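Note that the protein sequences, when read in sequence, are chains E and P.
Mind the numbering: the first sequence is residues 0 to 234 in numbering that gives the first Met the number 0, read in order.
Mind the numbering: the second sequence is residues 0 to 549 in numbering that gives the first Met the number 0, read in order.
Note that the Cβ used here is the ideal one computed from N, Cα and C, for glycine as well.
From a predicted model like this one, the values you see are computed outputs, not experimental measurements.
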Amino acid sequence: MKTYSFNPVELRLLLGSLLAGLFYAHPASAQDDRMIFSRFMAERFEYEGNENLHLFKWDIKHWIGNDDHKLYLKTEGDYSADQDIFGRADLQLLYSRNIDTFWDFQIGARRAFEPERTFDAVIGFQGLAPYFVEVDGAVFITDNGNLLGRLSLGYEMLLTQRLILMPRIEVNVAAEDIENRGVKAGVTEFEAGMRLRYEIEREFAPYVGFDYVEEESLREHHHSVRFVVGMRFWY
Amino acid sequence: MNLSYRRFFILALWLPLLCFGSARAGTYTLTIDEKAVNLTGKPQTAIVANGSLPAPTLHWREGEEVTLNVVNRLKEPTSIHWHGIVLPYRMDGVPGISFAGIEPGKIFTYRFRVKQNGTYWYHGHSGMQEQQGLFGALVIEPAHPHRPTERDYVLLLSDWPEADPERTLARLKKQSDYYNFQKRTVANLFTDLRERGVSETINDRLAWGQMRMEPTDLADVTGATYHFLVNGHTPAMDWAALFSPGDRVRLRIVNASAMTHFDVRIPGLKMRVIEADGQPVMPVDVEELRIAVAETYDVLVEPEADRAYRIFAEAMDRSGFASATLTPKIGLQAELPKMRPHTLLTLADMGPMHVGHGAHAEHQAAVPNDNGLDQPPHADHADHTGHQRHPRPASVPHAEAPAMGSYKALDYRHLMAAAPNRGWRQPDREIRLRLTGNMYRYIWSFDDVKYSDSEPIRVKFGEHIRFTYVNETMMNHPIHLHGLWQYLDNGNGAFNPKKHVINVPPGQTVSVIVIADAEGEWAFHCHLLYHMDTGMFRKLIVEKAEHVRE
Chain E
0 MKTYSFNPVE
10 LRLLLGSLLA
20 GLFYAHPASA
30 QDDRMIFSRF
40 MAERFEYEGN
50 ENLHLFKWDI
60 KHWIGNDDHK
70 LYLKTEGDYS
80 ADQDIFGRAD
90 LQLLYSRNID
100 TFWDFQIGAR
110 RAFEPERTFD
120 AVIGFQGLAP
130 YFVEVDGAVF
140 ITDNGNLLGR
150 LSLGYEMLLT
160 QRLILMPRIE
170 VNVAAEDIEN
180 RGVKAGVTEF
190 EAGMRLRYEI
200 EREFAPYVGF
210 DYVEEESLRE
220 HHHSVRFVVG
230 MRFWY
Chain P
0 MNLSYRRFFI
10 LALWLPLLCF
20 GSARAGTYTL
30 TIDEKAVNLT
40 GKPQTAIVAN
50 GSLPAPTLHW
60 REGEEVTLNV
70 VNRLKEPTSI
80 HWHGIVLPYR
90 MDGVPGISFA
100 GIEPGKIFTY
110 RFRVKQNGTY
120 WYHGHSGMQE
130 QQGLFGALVI
140 EPAHPHRPTE
150 RDYVLLLSDW
160 PEADPERTLA
170 RLKKQSDYYN
180 FQKRTVANLF
190 TDLRERGVSE
200 TINDRLAWGQ
210 MRMEPTDLAD
220 VTGATYHFLV
230 NGHTPAMDWA
240 ALFSPGDRVR
250 LRIVNASAMT
260 HFDVRIPGLK
270 MRVIEADGQP
280 VMPVDVEELR
290 IAVAETYDVL
300 VEPEADRAYR
310 IFAEAMDRSG
320 FASATLTPKI
330 GLQAELPKMR
340 PHTLLTLADM
350 GPMHVGHGAH
360 AEHQAAVPND
370 NGLDQPPHAD
380 HADHTGHQRH
390 PRPASVPHAE
400 APAMGSYKAL
410 DYRHLMAAAP
420 NRGWRQPDRE
430 IRLRLTGNMY
440 RYIWSFDDVK
450 YSDSEPIRVK
460 FGEHIRFTYV
470 NETMMNHPIH
480 LHGLWQYLDN
490 GNGAFNPKKH
500 VINVPPGQTV
510 SVIVIADAEG
520 EWAFHCHLLY
530 HMDTGMFRKL
540 IVEKAEHVRE
C-alpha cells in the first residue's frame, strides 16, 4: 500500500501558479486588449463508485494568460478512501497557443505521481469542434520514447437554461506495451458517461451521473458501471 | 516682445465678444467622483459627475465658446469624451489617442467653439467608467432658435450592471455565453420538429452547429445582470414627464448604454423622428424605433388624450426593458406593455460566415434593414424624389414640417438629411473594413486584427473616403468615428444623413462617406464597450496633405 505525498518543489510550483492566477491586470484606458485573465475550473470534483468501489475523483484545469498565450495547469486523479491509495494522480504544465478561432495548441510536461512516478512530454490540442463538441487531446511521450494518447470529447445538451446534460467519452491508448508501468498496447482505458448538472450559478453546479469504465493493463482487465455525484465549479 | 503684442491683439479681439455675449462663453465644471448608489437592492459604487447619476445634462448654444473644467477626484485617471461633437482633436478626450487623460487630483480644461446644434451626449473614455455611470446628455440650442415645442425632455437610456464591469469582462473572457439565458433547449428542438419539420430542423441545427454559434446570441451582456434605466431610473422608480393634452412634446432619446440596443415605442402615440444623431432629418412618422448604442434620435409626440402614456424601451434581446411615463398629472399610471418574444438570428444574418448557404450576394445591400421590412431599398423613397430636387430650405423649422412617410418601425433607409450636404461628391477612394470577432474566446477586431496589433488608418486632409463596413460577425456593431461625420450612403445622394454612429447589423454591409475635414488623431471603434475594450478599435489619422508629400 502506498501513501501519497507531493514533493515540496512540485507543491510550490502548483501553489505558485494558482496564486499567480489571482492577480489580474487592470486596464488604464478603454482600449486595452492585452489584459491577462485566468480561469480555475473544477470540471469534475466527485464521488464515484458502486458496491465494490468508492473513489474520490478530480479533474481540474487552470489557465492564466491573454488571448493568444496561456499557461495551463491540468490535474486529474482518483483516490480510494477505504484503501487510502491513489489510483492515479498527475499534473500537467502546458504552454497553450491559440492557433485558430476554436483551437489551442498545447505543449509541456506531465508529472504522474501515481501509480508510478513518471515524467512525460506532452503535445496536445484543445478546443471546440463543429457541432459544439468539446475536445481535449494529447500525446504523451515517455522518457523511453513510448507513446501514449488521451482523447476526451464532451457535449452539452440544455434541458432548460440551467439543467444541462453532458455526455462525455474519454479514451486512453498506448502504442506499445510498457512493462514498468503495466501498460498494455491498445486501448488502456475507456470511459463513457453522462452527468446531469444544475447551474445554481454559472460558476456553481452540483451534478449526478454515471460512468461506464473499461480498464485494460498487463496485470488485469475489468469493467464496471459507476454512479457519480459531485459538483462543477469555476471562478 | 512679439509674443505679448500677439497676446494683446488676441485680447483686443476677444474683449467685444466678452462684453456683448456672456451667454456665448459658458464655463462649466464637472467634478468626477465615486458615489454609493443602490439601484439593484444592494449598495454599489457609481462614478458620477457633480454627484449626479447620470451626469447632469449640459445646455450649450451653437457658436458658444465653451470652457469645461473636469476635476478628477477619483483614485484612477479619468476623461470625458464629447460624443458627436466636432472639435479640435486635443479636446476630444480619449486617453492614449488625443490626450494623456486626467490624473487623480488633476483638472483638465476643455475649450472649444460649438459649431453645431442638436442632441448629443458625453461620457467617460477611461477604463469602464462609462459603464459605471459616467455619462450625460448634451443639448445644444441652435444659433437662431426656431419656435420651441411646449415640452422638451431628454430620455437617457442606459444599462446598469449588478457586477463590477471588470468582472463582467472577465466572465465573458472565461465563458462568452455567460449572460445568455435564452439559449435553445431540447424543448425548442421538439417544438421546431413539430412546426418546421424534421429535415428543416435538422439542417438548421447542423448549420448552426457547424458554425459553433447560437441563433439566440443577440446580446453579450443581458438582463441577467443589467437593470435598464431611463434618466437613471429603473422601471419601478418610473421617471415621469409632464404634458398638457395637445402639447407638442420633444423627446431627445439618447442611448447611453454600454452594450444594449433598445426598441423604443410609446403605445398609443406615433413618434415623428426629426433628428438623428443631432442632425435634422426629413420628418418620418414611426410607431417604433431601434436605437443602437450611442445613437440619438429626437422625436415629436402629440398626446391628445388626458391620460398617461408609457415610454417603453425593450432591450433588443428582450431580456429586460427600461420604461418611463408621459403623463398630464403626476401619479397617473399607464399600462405596462408585455415584452415581445425575442427573434432568433437567421442563417441569412450570418452572411459570409455561413459558407455554403449562398447568402453572400444577398447581403451586400448598401443599407441595413434590421426591422425585417422587406421593401427594396428605394421603393419607399419613390415619392420623395421631388423633395430631393426641391429640398426644403434648412431654415424652415423641422418641427413644423409634415412627415415624409409613416412606417411601423424606423429603418436607416427612411433617414434623409433635412438640407442637402454641401460639398457632396463621389469619394476619392474606398477603405473596406471587415468587422470581425471570435465569439468563442470573446475577442473583437477589425480585419481580424486587434487594436494593440494594429497600425493607424491614415487619410489625407480634405479627402472623401468611402468606408465600407462588412459585418462578418453575428452581433450588431455600432461604429463610432470621433471628430468626423459619417454620411450614411442610403441612396439619397446629397441628402444622405450624417451620423456619428452607424449600426451595422449581423452579416450586413454598410457604406458611409467620411469627409476628412478635421486634422488630428481620432478614435474609431465599435461603441459596444466590451467590444471596444477587447480590440474592435482603431486610430484614424487625418494628415495634412503637405505632410504626406514630405
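Anyone know if the C-beta pair for residue i and residue j falls short of 7 Å?
i	j	result
P:V285	P:A417	no
P:A206	P:L346	yes
P:F125	P:T77	The sequence shown places Ser at residue 125 of chain P, not Phe. Yes, the pair counts as a contact, with Cβ atoms nearer than the cut-off.
P:H499	P:G83	yes
P:N489	P:Y441	no
E:G129	P:Q209	The sequence shown places Pro at residue 129 of chain E, not Gly. Yes.
E:V227	E:E75	no
P:E542	P:R457	yes
P:M473	P:L344	yes
E:Y211	E:A184	no
E:F189	E:E219	no
P:T118	P:R249	no
P:R465	P:P426	yes
P:Q332	P:A307	yes
Which one of the options has the shortest CA to CA distance from residue i?
i	options	result
P:V65	P:D427, P:T26 and P:I96	P:T26
P:S405	P:D176, P:I512, P:V448 and P:V283	P:V283
P:F227	P:F466, P:N495, P:A314 and P:L331	P:A314
P:R317	P:A333, P:T342 and P:T190	P:T342
P:N254	P:F134, P:G506 and P:M349	P:F134
E:D81	E:R218, E:E50, E:G107 and E:V172	E:E50
P:V568	P:G492, P:S444 and P:L434	With chain P covering only 0 through 549, there is no way to say anything about residue 568 of chain P.
P:Y177	E:W233, E:K73, E:D77 and E:K56	E:W233
P:P477	P:L241, P:E199 and P:P505	P:P505
E:S216	E:R231, E:I84, E:E175 and E:R33	E:E175
P:A408	P:M270, P:I430, P:V448 and P:R306	P:M270
P:A522	P:V153, P:Y225, P:R249 and P:Y450	P:Y450
P:S157	P:E63, P:E149, P:Y121 and P:D191	P:Y121
Less than 8 Å between C-beta atoms, sequence neighbours within five positions excluded: which residues of the same chain meet that for residue i?
i	result
E:S95	W62, G64, H68, K69, L70, Y71, D103, F104, Q105 and Q125
What three-state label does DSSP hand residue i in the structure shown?
i	result
P:W207	helix
E:N171	strand
P:K498	strand
P:K407	strand
E:M40	strand
E:H222	strand
P:T295	strand
E:I59	strand
P:P282	strand
E:K235	One cannot answer for residue 235 of chain E here, as it falls past the ends of chain E, which runs 0 to 234.
P:L528	helix
E:Y130	helix
P:H413	helix
P:E165	helix
P:N442	Note on identity: in this sequence residue 442 of chain P is Ile, with Asn being the wrong assignment. Here P:I442 sits in strand by DSSP.
P:F189	helix
P:K449	coil
P:M349	helix
E:E200	strand
Which residues in the same chain have their Cβ closer than 7 Å to the Cβ of residue i, if we skip the five residues on either side of it in sequence?
i	result
P:P336	P266, R309 and F311
P:Q128	I46 and T77
P:S444	T435, G436, G534 and M535
E:Y206	R194, L195, R196, G229, M230 and R231
Near residue i, what residues of its chain come up, given a Cβ to Cβ distance below 6 Å and the 5 sequence neighbours on each side ignored?
i	result
E:K73	K60 and Q91
P:W238	V229, N230, H232 and A323
E:F122	Residue identity differs from the one stated: residue 122 of chain E is Ile in this sequence, not Phe. Around E:I122: I106 and V138.
P:T259	D158 and A314
Using a Cβ cut-off of 9 Å, pull out every chain B residue sitting near residue i, in sequence order please.
i	result
E:L70	Looking at the structure shown, chain B is missing, and the protein chains on hand are E and P.
Query raised in the report: With contact counted as at least three CB pairs below 8 Å, one residue from each stretch, are the segment 139–146 of chain P and the segment 289–303 of chain P in contact?
Result: no
Query raised in the report: Pairing CB atoms from the segment 233–242 of chain P with CB atoms from the segment 138–152 of chain E, are three or more of them under 8 Å?
Result: The segment 233–242 of chain P is not in contact with the segment 138–152 of chain E.
Query raised in the report: Are three or more beta carbon pairs between the segment 122–139 of chain E and the segment 190–203 of chain E nearer than 8 Å?
Result: no
Query raised in the report: Okay, do the segment 159–178 of chain P and the segment 515–533 of chain P touch, 3+ Cβ pairs below 8 Å being the bar?
Result: yes
Report task. May I ask you to verify whether the segment 178–190 of chain P touches the segment 156–166 of chain E, counting CB pairs closer than 8 Å and requiring at least 3? Result -> yes
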